[in-house]
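Quick note on this note's numbering: the sequence shown kicks off at 6 and runs consecutively. Comments concern the structure below.
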Amino acid sequence: MKPENNLDSPGQGKASSIRLGVWNRLEPQPRKVDFSQVLSAPTADALWMLTRQWQFGEFTGEDAATSIMAKVIAEFTPVSRLGWDNHVSVFNNDIPLEAQIEGEKVPVDWRTHLQVSAYWKKLLKANEVDATLFQMFIDAFPMTDADWLMSPQREEQDITGDKDLLRQQLFLKNKIFNTTTFIKNLTSPDSNADNVLRNQNILDDSQLAANVLRNQNILDDSQLLEVEKFESNLNLAGDQLLLWLNKLYVVPQGTSTSPWDQSRLEYRFDLASPDADANNPRIAIRSKEYYQGQPDWYAFEIDKTLPEITPLIQNNQLVDELITAETKTITLLSSKSEFPGMPTARLWEFENNMINFGQIDADTTDLSTIILAEFALVASNDWQVVPFNVKSGSISTIKSIIVTDSFGFNTLIDPVDPADKWNFIGLSQKNNGSSVGSDPRLFFPPVTYKTHEGNPIEHIIFIRDEMANMVWAIEKTVPGFMGEGIDAYQAFLRRKAEFLKEVLLKEKLLNAELLAAGEPLPVVVKSDATYSYEFMSTVPEPWIPFVPARIPETDASIRLLRGKLSVIRMAFLST
């Protein structure tokens, strides 16, 4: 009720209008506290059931049509370029995006040497090459002491302190060869077009498996005759080995840089796709914070701030680059939207008892939960679904949809006007340094549906030391010699015990030499004190310091730089 009353305002010669709003609040008044009987929806006679159906509106009809089919016109633009920093290459849609971004060099560990050596021996046997040639490769590419340690950071105590590891080393000696050096000689990494040239059969003779063995200059005349006897089969085995390695490992080609940003511990890379805009023939799709293991569509944004001279979006066509868009028209049958837990259309239809909408715990500020529950309970049956397959590694644009309803009428649905800024799983746009607007196109990155992940081979925890004003990187898991992850502290204790054993052995030998020379032994003063004072404790070896340092280009910004601890062996023994 809205009464109006015209009164003259004080000091004015005209009347003003005053409106009063009155509302009545209606509240149900239940007669019972327990609602279980009512909510169980029991059935009685047929008339009662019809009444309940009428009460719930099941007999209510609408003078509206239902969509039967839809004609969809869509355009697919391929992703054509991949780049980071100043490196740009043609995007390969046959390889998952994760592999192209996270691909690394073939790991150097005992397991890899054993795996490649065993497969090489298998290839030689399959190509009917004499078994004596395998021993030639062991002699030509031997495993040196540095190869067994794998990195300068490792010590001999890492192996001798682990009895199982020492037995594995003794078993593998004279059975495997340095496959890293062998593959490097076989592929000639000085050229960036190795694989292309090999496929064209125009490589020089030094890159054939037989001549790789000859170039070591360790073969005598009789061995050279054996190599020449099986030369063609040996070269065929070399090609098969490279093919097997390319399938097993995704090794970056043609660049020495990596999209990995060490300062932020994340991947930063860019994609490019042709665009119909004459002023901007290519659009840049950037991902700056990829670290979670699978780059989904929300990890990207369209960047329109790049200058035209940027190699990623330059108006030139690379070799084997796909720049042609594909338009596809398809007619599909529309169906009702369905999802797990969706309320059924009929009142007395059995539903999944695992779904309980009454247990939704949403506060007044949980708008997303409230909206989702309202859609599921109220508007879920108002939506139609048209299943349309899009291509992986492309940007899809719906040009139009023509819907045919049950009355035979056709309705044209145009794309949303970009000025409306309506966005649903679309990419945001970056203009002039700020993210504004949206893009109606759908980006479907070529990622894997499911991946198999093993146990981590390296795990580092960063902690802040407030008293020392620094950061410690604590190694929990480090790569082992067989390619697995091992406990860093346990490896440190084994190395410490082995080093202590060596020190005691040297001390024993020194005392024996002094006794033989008739010189007195060093006097060890033993204290009977109950307590001992330790001036300074040492830090375990798996603890790596990071100290703050000011960035030269700025006045206030700082970054953490890796520090260095002096390893004092006697203090090392006391930890």
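The beta carbon of each residue, even a glycine, is placed where N, CA and C say it ideally should be.
Coarse secondary structure for A198, derived from DSSP in three states: Any reading at A198 must be qualified, since the residue scores a pLDDT of 28, below 50, and its modelled position is unreliable; the value itself is stated next. Residue state, collapsed to three classes: coil.
Three-state class that DSSP yields for M6 in the structure shown: Residue placement at M6 is flagged as unreliable, the pLDDT there being 42, under the threshold of 50; the coordinate-derived value follows with that caveat. M6 falls in the coil class under three-state DSSP.
N-terminal and C-terminal residue of the beta strand (DSSP E) that Y272 is part of: 271-279
Inspect the beta-carbon positions of A367 and I375 and report whether they are closer than 8 Å. yes
Check each candidate in D308, E161, K130 and name the one with the smallest Cα separation from F497. Residue E161 is the option with its Cα nearest to F497.
Spatial distance of L138 from F235 (CA atoms): 9 Å
Secondary structure of I100, DSSP reduced to three states: coil
To the nearest angstrom, how far is it from the Cα of S433 to the Cα of L25? 46 Å
Quick test of your reading: L87 and A242, contact by CB under 8 Å. State the CB separation rounded to the nearest angstrom. L87 to A242, Cβ: 33 Å. No contact.
Can you tell me the Cα-Cα spacing of I288 and D280, whole angstroms? C-alpha separation (whole angstroms): 6 Å.
Just to confirm my understanding: we take W249, look at its own chain, exclude 5 residues before and 5 after, and list those with CB closer than 7 Å. What are they? Y124
Can you tell me which residues form a DSSP beta bridge with W89? H92
Which residues mark the beginning and the end of the alpha helix (DSSP H) in which A145 is found? Start and end: 137-145.
Selection from D135, L526, E103, F146 that minimises the alpha carbon distance to V121: Out of D135, L526, E103, F146, F146 has the C-alpha closest to the C-alpha of V121.
Would you report the Cα separation of S85 and P420, rounded to the nearest angstrom? 25 Å
Per DSSP, what kind of secondary structure is P484 in: helix, strand or coil? strand
Just curious, the beta strand (DSSP E) that S433 is in, first and last residue? 433-436
Look at the alpha carbon of E354 and the alpha carbon of V43, and state the distance between them as a whole number of angstroms. 16 Å
Check each candidate in S411, G413, L417, G398 and name the one with the smallest Cα separation from D405. For the sequence presented, residue 405 should be read as Ser rather than Asp. Taking only the C-alpha atoms, the option nearest S405 is L417.
Grab the span of the beta strand (DSSP E) containing E331 for me, first residue to last. 331-338
For the region 443-451 against the region 378-397, are there 3 or more C-beta pairs whose distance is under 8 Å? yes
So, helix, strand or coil for D444, using DSSP? coil
Mind checking who V552 pairs with in its DSSP beta bridge? L566
Tell me where the alpha helix (DSSP H) around G243 begins and ends. 236-253
Where I468 and I479 are concerned, what is the direct C-alpha to C-alpha distance, given to the nearest angstrom? 8 Å
How many angstroms separate the CA atom of M155 from the CA atom of D114? 7 Å
If you measure between the beta carbons of N240 and E133, is that distance less than 8 Å? no
Which residue from K426, D387, D444 puts its Cα closest to that of G401? Going by the sequence as given, residue 401 is Ser instead of Gly. Comparing Cα-Cα distances from S401 to each of K426, D387, D444, the minimum goes to D444.
Contacts around N206, its chain only, beta-carbon distance under 7 Å, and the 5 residues preceding and following it disregarded: Because the pLDDT at N206 is just 40, under 50, the model does not fix this residue reliably, and the value given afterwards should be weighed accordingly. Correct list: empty, nothing qualifies.
Within the continuous alpha helix (DSSP H) that includes R159, where are the two ends? Premise fails: R159 is in no alpha helix (DSSP H) and is neither H nor E.
Can E271 and Y296 be called in contact, C-beta distance under 8 Å? yes
Can you grab the Cα-Cα spacing for the pair S14 / N29, in whole Å? Note on S14: pLDDT 45, under 50, position unreliable in the model; the coordinate value appears next. Cα-Cα distance, rounded: 30 Å.
If you draw a straight line from the C-alpha of E471 to the C-alpha of A554, how long is it? So the two alpha carbons sit approximately 16 Å from each other.
Can D410 and S94 be called in contact, C-beta distance under 8 Å? no
Name, in chain order, the residues that DSSP records as bridge partners for D410. S72
For H118, which residues in the same chain have their Cβ closer than 6 Å to its Cβ, ignoring the five residues on either side in sequence? I181, T184
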